[in-house]
Amino acid sequence: MFAAGEQGDFYRQPGSIVAHPPASLQRGPDEMHGVALNGHPGGLGSPMEHLEINDAKKVRLENHVPEPEPSKVVHIRNVPQDAIENDIVQLGVPFGQMTNMVLAKKKNQALLEMKTQETATKMVDYYAQHPVTIRGRTVIIQYSNHAELKTEQPNAAADNALSSANGLVSTYQQDEPPSVLRVIVENLMAPVTIEVLHKIFSRFGMVQKIVIFSKNNTFQALIQMGSSTEALAAKLVLNDQNIYNGCCTLRIDFSKLNTLNVKFNNEKSRDFTVNRAPGDNPLAYFDPNLAPHLGATLFPAMIPGLEFAQAPILAQTLDGQPNLGIFPAAAQLPAMSMHSLTSPVAPFGQAIMAPQASVNSILLVSNLDDEKITPDALFTLFGVYGDVQRVKIMYNKKDNALIQFTDASQAQQALQNLNGVRLFGRPLKIAFSRHAQVALPKEGADAGLTKIFTNSPLHRFKKPHSKNFQNIFPPSQILHLSNIPLEVPEEKIKAIFEDFGFNVVAIKFFQKEKKMALVQMPTVEDSVIALIKLHNYQLSANYHLRVSFSKSVI
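Using UniProt numbering, read the sequence shown as starting at 1 and increasing by one per residue.
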């Protein structure tokens, strides 16, 4: 087994993969043409970035299709375009040897061939229970339709990644790691409790027991997972990560103990396997007042009322810079200077509970064009990422507005996707507001600058299991149109956009679903404005156009 520091650079990619709230596991396209599969022709005659996916089969994302038979080839979808081969093979390390892989960056997909079908089954089953993200993006892992993966052209990056990963697998197979992890927290500048550790590690499996203690003036913890596989997955992902932005760094290794002996449940030790009826909340000891400040949006299923949060590990700070901390809520903490890192700090409760550090359901949006912006425009744009309840444009500062969402997770989603996006020639500046509620003015006192949308039929997320939750994307040049009447031709859609002053670069109707189309705009800003103006546009007596951002290409 590797000692600390012996694993080289292969897993020194902070924030690359982290367990995440479940995404839809509905079967999607598995066509990565250009790969010779099962001995059939169609090898890699061009770079892997150019692998083609049948556009018609993209529609299957919206429909139920039969699950493929178990295979040793695993299909990984929704892969970010900046992912590398090491990100893909890292997913397979806890389960066994891998024999081949293909990464199609531009198609956001990968195929990973395990040595046996048994190990592939373990991998698929594990990630079905513990969904994972790569570089902040939730990936979907399922069986491939192909029984075997053969590539005709050599790929050095893939070969090197497989070699490094299989080396780790061999090491762990020779000496199976225990299910107990030893965790050291360095640069401890904020409280780390059993509850915080449980929230982090439970995303990788069943956390059975936790013991925390101080040794040599260093905070340490022993964490017993449900299996060695779960412990290994947690170690590979979380080692060298920060719990909070810029502090509380996790150093994780395997303990020499095979099991933990917990005699008492208190603030220093906890046995989560005893005195719990089926369905009991494992965070029964958790202080709910800390939830907004401990990254509750990352783990929504564990905090009541935040069922639909989907925040990636690579959350952005308010200035749009990556936050490599595990908890996206930490992006809202005040920036610390080098002096503050080496000098005594104020009690953490004071700092994190300060108004500017709070994470709530209200966003402050500034740098707006006060001549063009309206409450309805803000409702439509921000409504792509959550159900907006109220919008208030400041009476004395009309380039500022407050936007209230149903919950904090939706506000976080909007902030991450819209901060810095240009609207009417100005980049949006977005932060969490200090206000707990958007106050309503006296009737007629604000000239229509405040509007309530509580019962709006245009809310995209009012249905708990709506597919809209799986189709949230940042603004792009490509718009996805739906709810188009069958009798409306392509020329009509293009003419509508042109009537609003937009130049359409390209338009493409789905082959099997004529009610949907993709429209490419010249710029992302054009796309944003087009969405604002054309979403809910009435096409006929019973059809209103639905517009959203797409990750597809035309």
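For glycine and all other residues, C-beta sits at the position ideal for the given N, C-alpha and C.
Original post:
How long is the line joining the alpha carbons of Val93 and Ile252, rounded to whole angstroms?
Top reply: 17 Å
Subject >> beta strand (DSSP E) segment containing Ser548, residue limits >> reply: 546 to 549
**OP:** My understanding is that Ala506 touches Gln520, with C-beta atoms under 8 Å, so please give their C-beta distance in whole angstroms.
**Re:** 4 Å
Original post:
What are the boundary residues of the alpha helix (DSSP H) that includes Ile493?
Top reply: 490 to 499
Subject >> Of the residues Leu197, Gly420, Ile430, Ala436, the one placed nearest Gln400, counting alpha carbons only >> reply: The sequence shown places Asn at residue 400, not Gln. Residue Ile430 is the option with its Cα nearest to Asn400.
Original post:
Quick one: what does DSSP say Asn261 is sitting in, helix, strand or coil?
Top reply: Coil at Asn261, not helix or strand.
**OP:** For Tyr395, count neighbouring C-beta atoms within 10 Å of its own C-beta (all shown protein chains included) and say buried if the count is 16 or more, exposed if not.
**Re:** Answer is exposed; the Cβ neighbour count stays below 16.
Subject >> Straight-line gap, Arg77 to Asn155 (C-alpha atoms, nearest Å) >> reply: 20 Å
**OP:** Give the secondary structure of Gln241 by DSSP, where H, G and I count as helix, E and B as strand, and everything else as coil.
**Re:** Gln241: coil per DSSP, three-state reduction.
Original post:
Just checking my contact of Leu149 with Val89 at CB under 8 Å: how many whole Å lie between their CB atoms?
Top reply: About 13 Å separates the two Cβ atoms, so there is no contact after all.
**OP:** Helix, strand or coil for Asn471, going by three-state DSSP, please let me know.
**Re:** coil
Original post:
Between Gln81 and the rest of its own chain, which residues show a CB-CB distance below 8 Å, the 5 nearest in sequence each way excluded?
Top reply: Lys105, Lys106, Asn108
Subject >> N- and C-terminal bounds of the alpha helix (DSSP H) containing His198 >> reply: According to the DSSP assignment, His198 belongs to the alpha helix (DSSP H) that extends over 194 to 201.
Original post:
In the structure shown, what three-state DSSP assignment does residue 620 receive?
Top reply: Here the chain comprises residues numbered 1 to 554, so residue 620 is not present and cannot be evaluated.
Original post:
Is Ser71 helix, strand or coil by DSSP?
Top reply: coil
**OP:** Throw me the rounded Cβ distance for the Val391 and Lys451 pair, which I believe falls under 8 Å.
**Re:** Right, their Cβ atoms sit about 5 Å apart.
**OP:** For Lys442, count neighbouring Cβ atoms within 10 angstroms of its own Cβ and tell me buried if that reaches 16, exposed if not.
**Re:** exposed
Original post:
Taking the continuous alpha helix (DSSP H) assigned at Leu162, which residues delimit it?
Top reply: 156 to 174
Subject >> Buried or exposed by the 16-neighbour rule on C-beta atoms within 10 Å, applied to Glu113 >> reply: buried
Subject >> Distance, Tyr126 Cα to His20 Cα >> reply: Confidence at His20 is low in this model, with a pLDDT of 39, below 50, so the placement of that residue should be treated as unreliable; the coordinate-derived value is given next. The alpha-carbon atoms of His20 and Tyr126 are separated by roughly 13 Å.
Original post:
Would the beta-carbon of Leu197 fall within 8 Å of that of Ile184?
Top reply: no
Original post:
Going by alpha carbons, who is nearest to Lys122 out of Leu91, Asn100, Thr133?
Top reply: Leu91
Original post:
Do you know whose CA, among Ala233, Lys235, Asn245, Ser227, lies nearest Asn258's CA?
Top reply: Ser227
**OP:** Tell me whether Glu85 sits in a helix, a strand or coil according to DSSP, three-state version.
**Re:** helix
Original post:
Once you ignore the five residues that flank Thr380 on each side, which residues in its own chain have a CB closer than 8 Å to its CB?
Top reply: Leu458, Leu531, Ile532, His535, Asn536
Subject >> Rounded separation between Ala190 and Thr374 - CA only >> reply: 41 Å
Original post:
Which same chain residues, not among the five before or five after Ile472, have their C-beta less than 8 Å away from its C-beta?
Top reply: Gln310, Val384, Tyr385, Gln413, Asn417
**OP:** Run the CB neighbour count on His544, radius 10 Å, all protein chains shown included, and call it buried at 16 or more, exposed below.
**Re:** exposed
**OP:** Report the three-state DSSP secondary structure of Ile554 (helix, strand or coil).
**Re:** For Ile554, the secondary structure class from DSSP, reduced to helix, strand or coil, is coil.
**OP:** Kindly indicate which three-state DSSP category Pro427 falls into: helix, strand or coil?
**Re:** strand
**OP:** Starting from Ala506, trace the alpha helix (DSSP H) both ways and give me its first and last residue.
**Re:** Taken as a continuous stretch (DSSP letters only), Ala506 belongs to no alpha helix (DSSP H), being part of the beta strand (DSSP E) at 506 to 509.
**OP:** Taking the CB atoms as reference points, tell me whether Leu232 and Ser255 lie closer together than 8 Å.
**Re:** no
**OP:** Could you spell out the range, first to last residue, of the beta strand (DSSP E) harbouring Thr273?
**Re:** Premise fails: Thr273 is in no beta strand (DSSP E) and is neither H nor E.
Original post:
Opposite Tyr543 in the DSSP bridges: which residues?
Top reply: Ser540
**OP:** Compare the beta carbon distance of Phe432 and Leu363 with 8 Å and say whether it is the shorter of the two.
**Re:** yes
Original post:
Should Gln173 go down as buried or exposed, given a rule of 16 or more other Cβ atoms within 10 Å for buried?
Top reply: exposed
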